[in-house]
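Note that the sequence shown covers residues 17 to 189 in the working numbering. Think of the CB as a built atom: it goes at the ideal place given N, C-alpha and C, for glycine as much as any other residue.
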Amino acid sequence: METGVPSAGRRQILRRGALGAASVAAVAVAAGAASQRRVAPAASGTTRTMRLVGRDWHTDTAKLPGKGDQYTVYGALHDPAGDKIGEFFSTNIGVNSPFQVTGEGIGSFELHTLTLPGGSIVGVGIGGGPERSFAIVGGTGKYAGARGSYLARQDTYGLGGDGKAELLLTFLE
């Protein structure tokens with residue numbers, strides 16, 4: 017296709033465009049790093065914890081998910097005394113990462129919703145195996161603005177487990 021721009025000029029324009037894009041990307045990365053430095057736990061450094069017990073934890077797949085496989089996990093949430101207080105839902109997609117420290121290479125990207133009295137908590141994370149860490153990225157109702165992390169131990173029906181789970185949440189205040 018004829019552009020009216022000589023080849024040497026076109027290369028120079030492309031080179032300048034690539035340098036400009038790289039400069040914009042560098043500024044964006046620096047701005048992101050700067051904003052991350054400002055996002056820190058509250059000055060008091062206080063945290064609040066919550067332990068939830070999962071029962072009847074199901075997955076809608078009968079085989080270990082592979083790269084690109086989508087599946088869901090769901091179950092009932094109970095307080096430590098055994099009273100049902102909510103429900104858990106997650107949507108997951110299998111990922112294949114040759115860089116996983118465990119060497120397993122297969123994990124999943126997971127988006128969790130915990131419905132509880134007075135609102136819900138949203139968590140996100142990636143990992144493999146029965147124990148995984150997730151970030152609390154927000155919530156609704158009395159959990160609006162929630163932040164922190166949690167450890168999830170899950171042993172789902174559908175993958176040979178006993179249907180039990182445990183979530184250990186730590187909220188930053």
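- Here the stretch 81-98 does not lie against the stretch 133-148, with fewer than 3 beta-carbon pairs under 8 Å apart.
- Lys100 sits in a strand when the DSSP states are folded into three classes.
- DSSP places Thr186 inside the beta strand (DSSP E), whose first and last residues are 180-188.
- Partner residues in the beta bridge of Tyr90, as assigned by DSSP, are His74, Phe105.
- In the three-state scheme derived from DSSP, where H, G and I count as helix and E and B as strand, Gly161 is classed as coil.
- A contact is defined here as three or more CB-CB pairs under 8 Å, and the stretch 171-179 meets this definition with respect to the stretch 70-79.
- If you check the CB distance, Gly144 and Gly157 do not come in under 7 Å.
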